[in-house]
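Residues 1 to 417 in the working numbering are what the sequence shown lists, from first letter to last.
In this text, a Cβ means the ideal position worked out from N, Cα and C, and glycines have one as well.
The structure under discussion appears below in the form of structure tokens.
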Amino acid sequence: MTTWVARPESGKELNRRLILDQIRRNAQISRSDLVRLTGLSKATVSSIVAELMEAGLVEEVGNQNPPVGRPRILLSLVADANFTLGAELTDEECRVVLTNLHAEPIRRVYRAVGSTDLSPERLIPVLEACVTEAVDGVDPACILAMGVCVPGIVDPSSGTVTLSVMLPWRDVPLGAELNSRFPFPVAVFSRGTAATWGERWYGVGKDVSNLLYVRVGSGIVAGLVINGQPYLGRNFGAGELGHFTVQPDGALCRCGNRGCLATLATTGVLLSRVRQLLREMPDAAMSRAMQENFDHLKLEDVVAAAEAGAPAALQAFAEVGRWLGIALGSTINLLNLDMVVIGGPMALAGDYLLQPLRQELHQRALPTHLAQMSLVASMLKEDAPAVGAASLVLHELFSPVRTSAGMLPADRVSLFA
Ligand SMILES: [Zn+2]
1 MTTWVARPES GKELNRRLIL DQIRRNAQIS RSDLVRLTGL SKATVSSIVA ELMEAGLVEE
61 VGNQNPPVGR PRILLSLVAD ANFTLGAELT DEECRVVLTN LHAEPIRRVY RAVGSTDLSP
121 ERLIPVLEAC VTEAVDGVDP ACILAMGVCV PGIVDPSSGT VTLSVMLPWR DVPLGAELNS
181 RFPFPVAVFS RGTAATWGER WYGVGKDVSN LLYVRVGSGI VAGLVINGQP YLGRNFGAGE
241 LGHFTVQPDG ALCRCGNRGC LATLATTGVL LSRVRQLLRE MPDAAMSRAM QENFDHLKLE
301 DVVAAAEAGA PAALQAFAEV GRWLGIALGS TINLLNLDMV VIGGPMALAG DYLLQPLRQE
361 LHQRALPTHL AQMSLVASML KEDAPAVGAA SLVLHELFSP VRTSAGMLPA DRVSLFA
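Pasting the structure below:
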């Protein structure tokens, strides 16, 4: 499968992207440097820069005084004059961020789904309400595009959700539906892919070529960057780390297999394990706060208890870290990665989780593979999927190459349509 996709557009559109891409990568850049870096003629650069300034995307920001020759006018992206939207739609909530052109969130809107009806007919209006709130007071002409991500498998070319167990959806044409409802173009991504590219472009994984992002929450899913490119798999289903067998005769998983990682290392499993440990060690003084919340225990309570040294909390995180380490050890041996990023709600545990995970990796992964690899917690935290979705549409709009991770409708991808 080809991972970078040639754009079907005209030479002029490609030239605009070559120039925009350089202006985005270099905070401030002169026209003559643009000529040098893009290989385009002086006249082409001047005419396209004039267009970009006219469109309000680029501005002149000062002078550069080279040792020889005339001062050069510097150009910069107008990061706060145009916006993109990023959204994460799940069975529990809808999160929308309004970002500037550096994918920095300017506004965040959350809304609980608050219903057991998870049909698209019920959830799309929740997304619409969040978007309306996020863009309140913003000139609609300044919203360039929106990226939406959902937990599940998404066909990136059409934005169809082929399968989501969590929602639960099968063959839902979400991209087509959203493009008919919003005045700006919309692309749909899988949540794992969006979060991975959020971390890769704007988070902890900047410039990392081989990266695995692992989201640990009520389920476990991974996203892969190999040689700087997205790896999605034959049917866009790569990254199902939750269904790695780590305990051959373990509990039955909803996929039908036994002993999957998802039966041992999710937030749900952690909370029930803590309850079980509290029953076994009822008099541990540090566990008092957790015992008060026993029936409504949240991950935050367990993290607070671990900070206070509660043995039940520390042991539960150590067990989850160990199971993750077993699955990741094999993954690291197979892929020889530069970086593994742990994200999702469980990343809140920080070193209480990462330390036992690291220990397990030292038992199971090859020393040659571990020596150059870093294991880190997500930098974008809970924003990763929504910011990632926004960053993927920014890339779609501004970059001379498209990723195969998700696409805006081809007829709406131009900034000058
Ligand atoms: Zn499974």
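{"query": "Presumed contact (8 Å Cβ cut-off) between Gly-114 and Val-78, rounded CB distance", "result": "Contact doesn't hold; Cβ gap of about 38 Å is too wide."}
{"query": "First and last residue of the uninterrupted beta strand (DSSP E) at Gln-64", "result": "58-64"}
{"query": "Residue burial classification, Ala-251 (beta-carbon count within 10 angstroms, cutoff 16)", "result": "exposed"}
{"query": "Any non-hydrogen atom of ligand 1 closer than 6 Å to Asn-257 Cβ", "result": "yes"}
{"query": "Cβ pair Leu-167, Asp-91 closer than 7 Å", "result": "yes"}
{"query": "Gly-147 vs Ala-308 beta-carbon contact at 7 Å", "result": "no"}
{"query": "Coil, strand or helix - Pro-230 by DSSP", "result": "strand"}
{"query": "Secondary structure of Thr-116, DSSP reduced to three states", "result": "coil"}
{"query": "Cα-Cα separation between Asp-411 and Leu-337, rounded to whole angstroms", "result": "37 Å"}
{"query": "Bridge partners - Met-339, DSSP secondary structure assignment", "result": "Leu-211 and Ser-374"}
{"query": "Assigned secondary structure, Arg-16 (DSSP; H/G/I helix, E/B strand, else coil)", "result": "helix"}
{"query": "Option nearest Asp-136 by Cα separation, candidates Glu-382, Ser-157 and Arg-107", "result": "Arg-107"}
{"query": "Close beta carbons around Trp-169, own chain, < 6 Å, minus the five adjacent residues each side", "result": "Val-161"}
{"query": "Contact check, Ala-305 vs Leu-277, beta carbons under 7 Å", "result": "no"}
{"query": "Beta bridge counterpart(s) of Pro-105 as assigned by DSSP", "result": "Thr-99"}
{"query": "Residue of Gly-198, Leu-174 and Arg-215 minimising C-alpha distance to Ala-347", "result": "Arg-215"}
{"query": "According to DSSP, residues forming a beta bridge with Val-161", "result": "Val-154 and Val-172"}
{"query": "4-residue-minimum alpha helix (DSSP H) runs that sit fully inside the segment 246-275, ordered along the chain", "result": "none"}
{"query": "Rounded straight-line distance, which links the Cα of Ala-222 to that of Gly-228", "result": "16 Å"}
{"query": "Span of the beta strand (DSSP E) around Ala-87", "result": "83-89"}
{"query": "Buried or exposed by the 16-neighbour rule on C-beta atoms within 10 Å, applied to Ala-27", "result": "exposed"}
{"query": "Boundaries (first-last residue) of the beta strand (DSSP E) holding Phe-189", "result": "186-190"}
{"query": "Assigned exposure category for Ala-371 - 16 Cβ within 10 Å defines buried", "result": "exposed"}
{"query": "Start and end residues, alpha helix (DSSP H) containing Ser-418", "result": "What is shown of the chain runs 1 to 417, which leaves residue 418 out entirely."}
{"query": "Beta-bridge partners of Ser-391, as assigned by DSSP", "result": "Ser-391 pairs with nothing; no bridge assigned."}
{"query": "Pick from Arg-72, Glu-300 and Ala-265 that is closest to Asp-33, judged by C-alpha positions", "result": "Arg-72"}
{"query": "Proximity to Val-165 [Cα-Cα], best of Glu-60, Val-154 and Thr-245", "result": "Val-154"}
{"query": "CA-to-CA distance, Cys-142 to Asp-383, given in whole angstroms", "result": "22 Å"}
{"query": "Leu-127 beta carbon less than 7 Å from that of Cys-94", "result": "yes"}
{"query": "Helix, strand or coil at Arg-358 [DSSP, three-state]", "result": "helix"}
{"query": "Supposed contact pair Ile-48 and Arg-487 - C-beta distance, whole angstroms, cut 8 Å", "result": "Absent from the structure is residue 487, since the part of the chain shown begins at 1 and ends at 417."}
{"query": "Rounded straight-line distance, which links the Cα of Val-58 to that of Ser-76", "result": "6 Å"}
{"query": "Cut-off 7 Å between Cβ atoms - residues of its own chain near Cys-253, not counting five sequence neighbours on either side", "result": "His-243, Cys-260, Ala-262 and Thr-263"}
{"query": "Identity of the residue in Ser-158, Thr-193 and Gly-192 nearest Ala-176 by Cα", "result": "Ser-158"}
{"query": "Element boundaries [alpha helix (DSSP H), containing Ser-32]", "result": "31-38"}
{"query": "Residue from Pro-156, Val-35, Gly-268 and Met-290 whose Cα sits closest to the Cα of Ala-194", "result": "Pro-156"}
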